[in-house]
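Colleague:
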Amino acid sequence: MSMVDWMKEKSGDDSMKYVLAGGLVLVIGLALFSTITEYTGGPEDVEVEPRHFWDVEKQQEYTLTPEEMKERQYGRMDMQMGQMAYSPLTGENTGVPMTKCPNCKNYFVAQGWANPDQGYDPHAPVVCPHCDTDRDEWFRERRRNR
Ligand SMILES: [Zn+2]
11 MSMVDWMKEK
21 SGDDSMKYVL
31 AGGLVLVIGL
41 ALFSTITEYT
51 GGPEDVEVEP
61 RHFWDVEKQQ
71 EYTLTPEEMK
81 ERQYGRMDMQ
91 MGQMAYSPLT
101 GENTGVPMTK
111 CPNCKNYFVA
121 QGWANPDQGY
131 DPHAPVVCPH
141 CDTDRDEWFR
151 ERRRNR
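Going by the numbering used here, the sequence shown opens with residue 11, and the numbers climb by one from there.
#1: For a test of the three-state rule: what should DSSP assign to G157, helix, strand or coil?
#2: Can you tell me where the alpha helix (DSSP H) holding A147 begins and where it ends?
#3: In or out: A134 buried (at least 16 other Cβ within 10 Å) or exposed?
#4: Quick check on this structure: which residue in A120, L99, D146 has the alpha carbon closest to the alpha carbon of L70?
#5: Assign G85 to buried or exposed, taking buried as 16 or more other Cβ atoms, counted over all protein chains shown, within 10 Å of its Cβ.
#6: Taking 8 Å as the cut-off, is the beta-carbon of H62 closer than that to any non-hydrogen atom of ligand 1?
#7: Just to be sure I understand the criterion: a residue counts if its Cβ is closer than 7 Å to at least one heavy atom of ligand 1. Which residues meet that?
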C-alpha cells in the first residue's frame, strides 16, 4: 500500500479525524497560552507596580514608579535603613514608604515611622489601622498553616 492510499483510507476513518481535531485544539491552546503569559509578564510584574509613599509634610499619599525610584536612587536598602524618599509634592525628601496590608490590601504608614526625623524604628510593630492586622503576625500564621 502506498502512503497516499494509506492517507485516503485513514481520512475516511472517523477516529483519525478526532486525532487531527484534538491535535489542532492542542496547538491553538498552546499558542493562546504563550500569548497570555507574554502579556502578563509573570512574577516580575510585582517590580513594575508603583510604590506608595506618604508625604509627612503635606499629609498626603503619592506613588513612585520603579523607574522614578531608580532615578532618585532610592532602593529597598534605603527603605530598610529608614531613609526618607523624594516626594514630588514638596520636591524634597519628605516621604516615607507605605506598607500594604496583607489582609485588607490597604496602604498605611508603619508605626516605626512615628518620628520620621529620627528615621524608621525597626522594633516598632507593623499593625494595619484599617483592620488591626499585625503584618508580621499575619505572615507567621501563614507560614505555620502551610
Ligand atoms: Zn488591613
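All C-beta atoms in this analysis are idealised placements derived from N, C-alpha and C, irrespective of residue type, glycine included.
If you're wondering where the values come from, they're calculated on a predicted model, not measured in any experiment.
Modeller: Reading it off the structure:
#1: With the chain represented from 11 up to 156, any question about residue 157 goes unanswered, as that position is not in the structure.
#2: Taking the first residue of the sequence shown as position 1, residue 147 is located at position 137. For the sequence presented, residue 147 should be read as Glu rather than Ala. Element bounds for E147: 145 to 155.
#3: Against the sequence shown, residue 134 aligns to sequence position 124. Classification for A134: exposed.
#4: In the sequence shown, residue 70 corresponds to position 60, counting from 1. The residue you asked about is not Leu; residue 70 is Gln in the sequence shown. Among A120, L99, D146, the Cα nearest to that of Q70 belongs to L99.
#5: To locate residue 85, count along the sequence shown from 1; it is residue 75. When all chains shown are included, G85 counts as exposed.
#6: Indexing the sequence shown from 1 puts residue 62 at position 52. No, the beta carbon of H62 sits no closer than 8 Å to any heavy atom of ligand 1.
#7: C111, N113, C114, N116, C138, H140, C141, T143
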